[in-house]
């Protein structure tokens, strides 16, 4: 276990993995993050939202947070905030206080660069959201996640036990009763 308690957050490796080195473990985490929040996948999520008549703007906002915090701020989105306030006096005990002439210019440049990166990301996500919203065929979009399941449940191995069969029988009975009630009413 890592002795540095500052690393116990959502982004640092603190315990050794049985089969992977620390670098491999960090690379796997970054790859998973980058794959899920790739531009292609964000567009798919927006298209699914549009096809199901959900709010594409909310997806854009969530994508901004989750796609931005990790590469821009190097923190998990849950640990992020609107503006990162730093003090030159808040350093580890063994480190000296940075001189003001060095700390503040670096802090302001870092803040400005991050603001530009956030703005660029927001503009790109806005363009993508508009593209999806303005697509005349947006309601026709379908992929594997949106494909309706048709009596596939009963063929799954999970439902081949006696108790599962009893559940499915009861569900069929309830559905038939509801159909009868609708037909009669």
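Numbering (our numbering), first residue to last: 68 to 252.
No residue lacks a Cβ here, since even glycine has one placed at the ideal position from N, Cα and C.
Every value quoted in this text rests on a predicted model; they were computed, and no experiment measured them.
Shown here, residue 73 sits in a helix according to DSSP, grouped into three states. At a Cβ-Cβ threshold of 8 Å, residue 205 and residue 115 do not count as neighbours.
Under the three-state reduction of DSSP, residue 154 is assigned to coil, being neither helix nor strand. Looking at 166, 126, 246 and 144, the one whose alpha-carbon comes closest to that of residue 200 is 126. When rounded, the separation of the alpha-carbon atoms in residue 181 and residue 229 is 58 Å.
When rounded, the separation of the alpha-carbon atoms in residue 71 and residue 94 is 21 Å. Per the C-alpha coordinates, the member of 81, 139, 74 and 75 positioned closest to residue 68 is 81.
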